[in-house]
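In my numbering, the protein residues as written are 48 to 260. Ideal Cβ placement from N, Cα and C applies to all residues, glycine included. A quick write-up on the structure given underneath.
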């Protein structure tokens, strides 16, 4: 008997999120939402992350016609109660790192899963405490010069060059990458989809088709 797997769609251009899902045995296609991340109504960092995740999932779900599961995510770093998204330029990224070094922040990642066929959804946010190393000015300049911190929330990664500048984290490490697998499993479960039904044998390490909307 052939098992029909729900078609999983990732509403994000993030290579780290895609890599995380594929390593977990999932094989999503990718449709970039094109949502304007500057137009949000929420004011608190966790609320902003959730609102953006929902808007991304909604934008892509509106293009689907079958029984897809659309996953939208967004991450926001909170430092001193302030929202730290993607830096606008190298100068902002460097200033961000000078403010973060030797300190801790909260990384909030919002998740929204929409079952297109059933017209149902489940949403949630996972938060993780990130402790940053007391990096030098030279290290900040070198890191910003690579361009890596310009493309990610909080101006850092843990799965790339920035990993050496994170002393430790408290919480789900996948949240810092941009998608919490435990939370995602719970959300798809709320929609009546067993997590293991999403597994695709041999998907880990492969490439998914990417389409920009």
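Exercise for the section: Work out the CA separation of residue 143 and residue 241 for me, nearest whole Å. Expected result: The residue you call residue 241 lines up with position 194 of the chain shown. The residue you call residue 143 lines up with position 96 of the chain shown. Straight-line Cα distance between these residues: approximately 40 Å.
Practice task
Drop a sphere of 10 angstroms on the beta-carbon of residue 67, count the other beta-carbons inside from all chains shown, and report buried for 16 or more, exposed for fewer.
Solution key: As a working note, residue 67 is residue 20 in the chain shown. Classification of residue 67: buried, given that the 10 Å Cβ count is 16 or more.
Problem - Cβ-Cβ distance between residue 102 and residue 130 below 8 Å - result: As a first step, residue 102 must be located in the chain shown, where it is residue number 55. As a first step, residue 130 must be located in the chain shown, where it is residue number 83. For residue 102 and residue 130, no; Cβs fall outside 8 Å.
Handout entry: Every unbroken alpha helix (DSSP H) inside the segment 162–244 [4 residues or more]
Key = 184–193, 220–224 and 228–237
Practice task
Determine contact between the segment 145–164 and the segment 225–239, defined as no fewer than three beta-carbon pairs at a distance below 8 Å.
Solution key: yes
Exercise for the section: For residue 118, collect the residues of the same chain with a Cβ closer than 6 Å to its Cβ; drop the 5 residues on either side in sequence, then sort them by chain order. Expected result: In the chain shown, residue 118 corresponds to position 71, counting from 1. The answer, listed in chain order, is 57 and 160.
Exercise for the section: Alpha carbon to alpha carbon, how far is residue 207 from residue 48? Give it in angstroms, no decimals. Expected result: The residue labelled residue 48 in the question sits at position 1 within the chain shown. The residue labelled residue 207 in the question sits at position 160 within the chain shown. Only weak support exists for where residue 48 lies, its pLDDT of 45 falling under 50; the value from the coordinates is given anyway. Going from the Cα of residue 48 to the Cα of residue 207 covers about 42 Å.
Exercise for the section: Please specify which runs of the beta strand (DSSP E), each continuous and at least 3 residues long, are wholly inside the segment 78–147, giving them in chain order. Expected result: 116–126 and 129–131
Problem - 8 Å Cβ cutoff, residue 183 in contact with chain C - result: The structure shown contains no chain C, having only a single protein chain.
Practice task
Could you have a look at residue 73 and say whether DSSP puts it in helix, strand or coil?
Solution key: Locating residue 73 in the chain shown gives position 26, where the first residue counts as 1. It is coil, neither helix nor strand.
Handout entry: Buried/exposed call for residue 185, threshold 16 Cβ in 10 Å
Key = Taking the first residue of the chain shown as position 1, residue 185 is located at position 138. Residue 185 comes out exposed.
Problem - C-alpha gap between residue 145 and residue 244, whole angstroms - result: As a first step, residue 145 must be located in the chain shown, where it is residue number 98. As a first step, residue 244 must be located in the chain shown, where it is residue number 197. One C-alpha to the other measures close to 45 Å.
Problem - Alpha-carbon spacing of residue 112 relative to residue 88, whole angstroms - result: On the chain shown, position 65 is the one that residue 112 refers to. On the chain shown, position 41 is the one that residue 88 refers to. Residue 112 and residue 88: Cα-Cα distance of roughly 29 Å.
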